[in-house]
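Note sheet for the following structure.
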Amino acid sequence: MVFEDESSDENSSLPYMHSETSTDGLNQEGQNCGFVQWVDEQWPPTMENALLKLWSMVEESKSARVDDNLQSSLTIHHLTEENKKLDAQYDKLVKDVHQLVDFQQDRVVDFSYLQSAVTYQHQCRAELVAGMNAKMVKKDAALEKIQQKFEILCNLTSAQATAIQNLKLKKMKEKQLRIEAQENLELKNAEFTKFEEKLTQEKLDLKFQVADLLKLKENHKEELMKAEEKLKEKIRGIQAISEN
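When you line the sequence shown up against our numbering, it's residues 193 to 436, in that order.
Laid out in structure tokens, this is it:
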């Protein structure tokens, strides 16, 4: 198994946040995590609280992972030292056996004890390796859970960013529609104003025409009255001639 370098984990951060910030940085006045600065200047409080809780979960998971890695490293170091001791004992035991064979050839040596010791060492080594493998499996499972939580956090953050972007685009579209409606209304008002001015001018021209017609009517009336007077005078003249 290959273990990760914890120094890189401690300095790493989410890709959508500045590396120098932490969960405390999210609470600084007038600042946010920086991921949505291209979308909006300020997130809603509920969304900030949700992101803060998720980030706290990530920090807790990271701290737990660091502790587990440290504990695993200490355990591996201890097992390595024990293994070295066992190797040294084994080498010493083999050396002792050779010495016994070299210097005590005339003596019958009971190798059953030596064989038992060697077998015991092999059993101890096998148990240590099995324990180490079990801890490795647990560590891999814990790392997989942390990775799953991290992916969930990334997906949630991406969904939140998409929702905010869609809301921003919707607001921009509504604003554009309001601007276009306002421009159309102003254009209609300008056309109505021109039509009203034209109607006022036509009304004024009509008044002048009516005044001219009234003046012509008065003149015609005077002419009719004069003609009527002339006609009456002619009738009176004719009547006077008839009477004579």
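Think of the CB as a built atom: it goes at the ideal place given N, C-alpha and C, for glycine as much as any other residue.
Just so you know, these numbers come straight off a predicted model, no measurement behind them.
- Leaving out five residues before and five after K341 in sequence, what residues of the same chain have Cβ atoms less than 8 Å from its Cβ? Sequence index remark: in the sequence shown, residue 341 carries index 149 (1-based). Within the same chain, K341 has close Cβ partners M249, V250, S253.
- If you draw a straight line from the alpha carbon of K399 to that of E388, how long is it in whole angstroms? The residue you call residue 399 lines up with position 207 of the sequence shown. The residue you call residue 388 lines up with position 196 of the sequence shown. Between K399 and E388, the C-alpha separation is close to 16 Å.
- Query: Quick one: Cα of D404 to Cα of Q431, how far?
  - Reply: Here residue 404 refers to the residue found at position 212 when the sequence shown is read from its first residue. Here residue 431 refers to the residue found at position 239 when the sequence shown is read from its first residue. Whole-angstrom Cα-Cα distance: 40 Å.
- Assuming A309 and L285 form a contact by the criterion Cβ under 8 Å, report the distance between their Cβ atoms to the nearest whole angstrom. Start at 1 with the first residue of the sequence shown, and residue 309 comes out as number 117. Start at 1 with the first residue of the sequence shown, and residue 285 comes out as number 93. Confirmed, about 6 Å.
- Contact the segment 368-377 vs the segment 259-272: 3+ CB pairs below 8 Å: No: the two stretches stay apart, fewer than three of their Cβ pairs being nearer than 8 Å.
- Under 8 Å, do L278 and C316 count as touching if we go by C-beta distance? Position 86 of the sequence shown, counted from the first residue, corresponds to residue 278. Position 124 of the sequence shown, counted from the first residue, corresponds to residue 316. C316 is positioned such that its CB atom lies closer than 8 Å to that of L278.
- Message: Measuring alpha carbon to alpha carbon, tell me which residue in M364, L348, E366 is nearest A242.
- Response: Here the question's residue 242 lines up with position 50 in the sequence shown. Of M364, L348, E366, the smallest CA-CA separation from A242 is found for L348.
- Spatial neighbours of L345 in its chain, beta-carbon cut-off 7 Å, leaving aside the 5 residues before and after: Here residue 345 is taken as the residue at index 153 of the sequence shown, counted from 1. Contacts found: L246, V250.
- Could you tell me how far apart the beta carbons of A326 and R257 are, in whole angstroms, since I believe they sit closer than 8 Å? In the sequence shown, the residue the question calls residue 326 occupies position 134. In the sequence shown, the residue the question calls residue 257 occupies position 65. The pair is not a contact, with the Cβ atoms about 18 Å apart (cut-off 8 Å).
- Measuring alpha carbon to alpha carbon, tell me which of L359, S350, H269, E366 ends up nearest V321. Here residue 321 is taken as the residue at index 129 of the sequence shown, counted from 1. Answer by Cα proximity: H269.
- Assumed close pair Q307, Y282 - CB separation to whole angstroms, cut-off 8 Å: Taking the sequence shown and counting its residues from 1, the one referred to as residue 307 is at position 115. Taking the sequence shown and counting its residues from 1, the one referred to as residue 282 is at position 90. Incorrect: roughly 13 Å between the Cβ atoms, too far for contact.
- Item | Beta-carbon separation (whole angstroms), Q352 vs M239, contact threshold 8 Å | Position 160 of the sequence shown holds residue 352. Position 47 of the sequence shown holds residue 239. Sure, about 6 Å apart at Cβ, within 8 Å.
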